[in-house]
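Quick note: the sequence shown uses our numbering, first residue 149, plus one each step. Before any comments, here is the structure.
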Amino acid sequence: SAGGGQSLQGQAVNTTLNGGEQWVHEGGIATGTVINEKGWQAIKSGAVATDTVVNTGAEGGPDAENGDTGQTVYGDAVRTTINKNGRQIVAAEGTANTTVVYAGGDQTVHGHALDTTLNGGYQYVHNGGTASGTVVNSDGWQIVKNGGVAGNTTVNQKGRLQVDAGGTATNVTLKQGGALVTSTAATVTGINRLGAFSVVEGKADNVVLENGGRLDVLTGHTATNTRVDDGGTLDVRNGGTATTVSMGNGGVLLADSGAAVSGTRSDGKAFSIGGGQADALMLEKGSSFTLNAGDTATDTTVNGGLFTARGGTLAGTTTLNNGAILTLSGKTVNNDTLTIREGDALLQGGSLTGNGSVEKSGSGTLTVSNTTLTQKAVNLNEGTLTLNDSTVTTDVIAQRGTALKLTGSTVLNGAIDPTNVTLASGATWNIPDNATVQSVVDDLSHAGQIHFTSTRTGKFVPATLKVKNLNGQNGTISLRVRPDMAQNNADRLVIDGGRATGKTILNLVNAGNSASGLATSGKGIQVVEAINGATTEEGAFIQGNKLQAGAFNYSLNRDSDESWYLRSENAYRAEVPLYASMLTQAMDYDRILAGSRSHQTGVSGENNSVRLSIQGGHLGHDNNGGIARGATPESSGSYGFVRLEGDLLRTEVAGMSVTAGVYGAAGHSSVDVKDDDGSRAGTVRDDAGSLGGYLNLIHNASGLWADIVAQGTRHSMKASSDNNDFRVRGWGWLGSLETGLPFSITDNLMLEPQLQYTWQGLSLDDGQDNASYVKFGHGSAQHVRAGFRLGSHHDMNFGKGTSSRDTLRGSAKHSVRELPVNWWVQPSVIRTFSSRGDMSMGTAAAGSNMTFSPSQNGTSLDLQAGLEARVRENITLGVQAGYVHSVSGSSAEGYNGQATLNVTF
């Protein structure tokens, strides 16, 4: 038992080792010992063990280091039986005679093994070891390693003899069904069912390979008269040569185009590999051939085997059947035919180019995966073609009842006619207008993308996709549309005799040479046509994007005939009111800026002055019918500017005070514009810089005054909508004449009737957005303001300072209430008339141009109020606020606030 041991110099009979150990020393004899798990029998030199049964030592497999279990022979072991998990180790000085090894047991030979029988067990003959008279029965395996020697081995059916490189096996008898596994680096001689065979010094002759047998013909070595039957493998390495090869059914050939191989296939046809050329290869299941770059394979048949092309050329007919795999790496050329006739096949990786074709027959599936495939045509005659994560450029000519599946990120560039097609969500089908056939599909299950593409120049030629049944799964179809053409103006999806269900998104591409559009007539532009009793569900198609051309939006509509049409909408596209409002916005700003300098001369004095004003406010226009009725579009926004002006001349002439000066201003306005239906059209932003001059005349005796203003402004405008960013620049100019005559109601209260006339103009550059050109005509408007000013008229002399602080005495007042202050209010009526300004959209195409002339004419009520205070002898501060309300027409309205600093010098 475990931990126990027997040291034997005499005799021991029928000992059982259950984990214990038995040492048989020189002169000792052990008979009938049974060695169980973890037991060990060591037979020393000069000792003998007979009829031993070994049940342990091989646990863990042939590479397990179990040297202290099982049986170790340094002397002689006779008639040993090795069962499952049993191991006999024959040391260099030991001998084992008449050993029987059953399945799961093994014999490791470093010394001598005589007449061993392998009944499913293994025999390993190591360097320096010899085995003689071994019989290898079914599932048994003799392995002769480098430096090992085996003689007179008999290999019966389903037995296997393996001779590694550097190993030697002589006088072998290889029975039918027995397997020889070796290479041309070993030495093997003997007889097989064909007669004598040999593998000696890199030359193999008359070898039979079957039932798991294998011969590796190494670089520079040769093999002649090799027979490869069912289960046998001939592996000819690059630079190796095998001639007069006979391939049987189920035989496996492994080679590449750098080898030299010739012989006959299982069907009796000759084949050859040599000089970079492979002809008539047949690769059965398990076979493999590699075509190297620059080489050619002609008329290759792959029946379940593996064909790898690292470039090179496929010539003649390349056939893939019954699970065959063609793996490409690099660019491989096929100018002839690649055909699939039976079962499934896989074409994967790399690139297949050329003017050849792919023919798919049989009920199986050809899968093209991670491949770039460019061929003259793919003919889908039977079964299924699956394109997965591939880019395929060819037309697919199919027969009805077949199926084409586009999965993963596949892109197909070509027509399809006719088959059942499935597009997965990541797949794309590009239908070119130069395809050899019209695309016709029986059943289309669509979750991917379909595009109509064109390489033509000149005349627009619409394309057509005909489908019997469409099951939309949120897939998209991109259609080219020419809104500037009255006929033949769009690609078309035709539903022929079936149904369109689910949801398919139509993306519309304006294919005009320049963006333009006409108002549609009748039913509109047909993009989906239902024929031969076809029906389309409500919601089967939705418009995926806005189509804009010229002044129009085009929307998708289903008609009573089950077809779908694009129709120009009654309302113009949002950019029409948006761009038209640019004229009004710029002119409103110019007028407000010029009017803001009124009343700044109210502080009299003999010295020139400089005035800094900051104003901000709100401006807008009400909805008075919108652009469709010729009115200024509804808008609402804000503005702000900084103005600096200074007197250049102040003098007395013929009883009149004359003041002249200049001013400059920088400002910004931002206005939100609405469409005629009240929806948002977009925003216009304007950055403006202005220069102006003024001349003020006052009759000293009567107080009658006149103020003349001339102003120019540079506008930089940007109109932003959901679909466009449109930029334009231009110039605005303005002239104003204002007069008033003050009357004293009391000593400190004044009433001043006023009248003002303003004329202004605007010129904006023409431009282009992504749907049409935009042209602006000259804009102009005239304004008359009539009103009066009522306010205090105190003496604004500062007098002496009263501040108690030494640093401010003589220049500042003690308190705010001591400051000279005047107030005023000014109600007015403003009439805008003779406004002009055109905005045109369209193109040179006849009938596409649309002109819009938004009117600014109208009447508004204006109320301004202000306060002026002299805070130093030479400094006056003013604040002003106002409100304008439109009472008729499209005149502007809004409110404002202003602060002014006036410094005399």
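C-beta atoms are modelled at their ideal positions from N, C-alpha and C, and glycine is treated no differently.
Residue i, DSSP secondary structure in three states
i	result
E886	strand
E966	helix
G1042	strand
H747	Here the model assigns H747 a pLDDT of 49, short of 50, so the residue's position is not dependable and the matter cannot be decided.
Q586	coil
L429	coil
Q324	coil
P631	coil
H816	strand
Y250	strand
H769	strand
Q157	coil
Y222	coil
K553	strand
G442	coil
A206	coil
T282	coil
K293	coil
S951	In this prediction, S951 scores a pLDDT of 49, lower than 50, which makes its location untrustworthy; the coordinate-derived value is nonetheless stated afterwards. Looking at S951 - three-state DSSP - the assignment turns out to be coil, as it is neither helix nor strand.
N267	strand
H941	coil
Residue(s) in a DSSP beta bridge with residue i
i	result
D353	S346 and T372
I893	Paired residue(s): none; I893 is not in a bridge.
S923	Per the sequence shown, residue 923 should be read as Lys rather than Ser. BP columns for K923 point to S988.
P901	F936
Y720	F700
K616	Looking at the DSSP assignment, K616 forms no beta bridge with any residue, so it has no partner.
Q908	L882 and A929
G837	A814 and R862
N655	S626
A648	L618 and T684
T515	L494 and T534
E1016	N970 and G1026
Bounding residues of the alpha helix (DSSP H) (the contiguous stretch that carries residue i)
i	result
Y737	E723 to G743
Extent of the continuous beta strand (DSSP E) run through residue i
i	result
I775	Counting along the chain, I775 falls outside any beta strand (DSSP E), and DSSP gives it neither H nor E.
Q859	W853 to S868
Y270	Y270 to V273
D543	T539 to A546
F608	No beta strand (DSSP E) contains F608, which DSSP labels as neither H nor E.
H258	That residue, H258, is in no beta strand (DSSP E); it is neither H nor E in DSSP.
F1053	That residue, F1053, is in no beta strand (DSSP E); it is neither H nor E in DSSP.
H599	Q597 to T601
D109	No answer is possible for residue 109: the residues shown for the chain start at 149 and end at 1053.
N680	Premise fails: N680 is in no beta strand (DSSP E) and is neither H nor E.
E800	S783 to V801
S669	S669 -> no beta strand (DSSP E), and no H or E assigned at all.
P566	Looking at the DSSP string, P566 is not in any beta strand (DSSP E), and its letter there is neither H nor E.
Q236	R235 to V238
P580	T576 to P580
Whole-number beta carbon distance between residue j and residue i, since they are thought to touch under 8 angstroms
i	j	result
L474	S435	With 8 angstroms as the limit, L474 and S435 do not qualify as a contact, their Cβ atoms being about 13 angstroms apart.
S1039	T999	That pair is no contact at about 23 angstroms.
P781	P580	Contact doesn't hold; Cβ gap of about 44 angstroms is too wide.
V376	G360	In fact, because the Cβ distance is near 12 angstroms, the residues do not count as touching under 8 angstroms.
T550	T576	Between T576 and T550 the Cβ distance is about 21 angstroms, and since that is not below 8 angstroms, they are no contact.
Q1046	S761	6 angstroms
V182	G223	With a Cβ gap of about 19 angstroms, V182 and G223 do not count as contacting.
V481	G502	4 angstroms
T542	V526	5 angstroms
N1061	N233	An answer regarding residue 1061 cannot be provided, because it is not within the stretch 149 to 1053 covered by the chain.
T123	V675	Here the chain has residues from 149 to 1053 only, and residue 123 is not among them.
A563	A583	4 angstroms
G909	W881	5 angstroms
L533	L552	5 angstroms
V320	T332	Rounded, the Cβ-Cβ distance is 16 angstroms, inconsistent with contact.
Segments of 3+ residues assigned as beta strand (DSSP E) that fall wholly inside the stretch 468 to 508:
472 to 476, 479 to 482, 485 to 488, 493 to 496, 499 to 501 and 505 to 508, all fully within the stretch 468 to 508.
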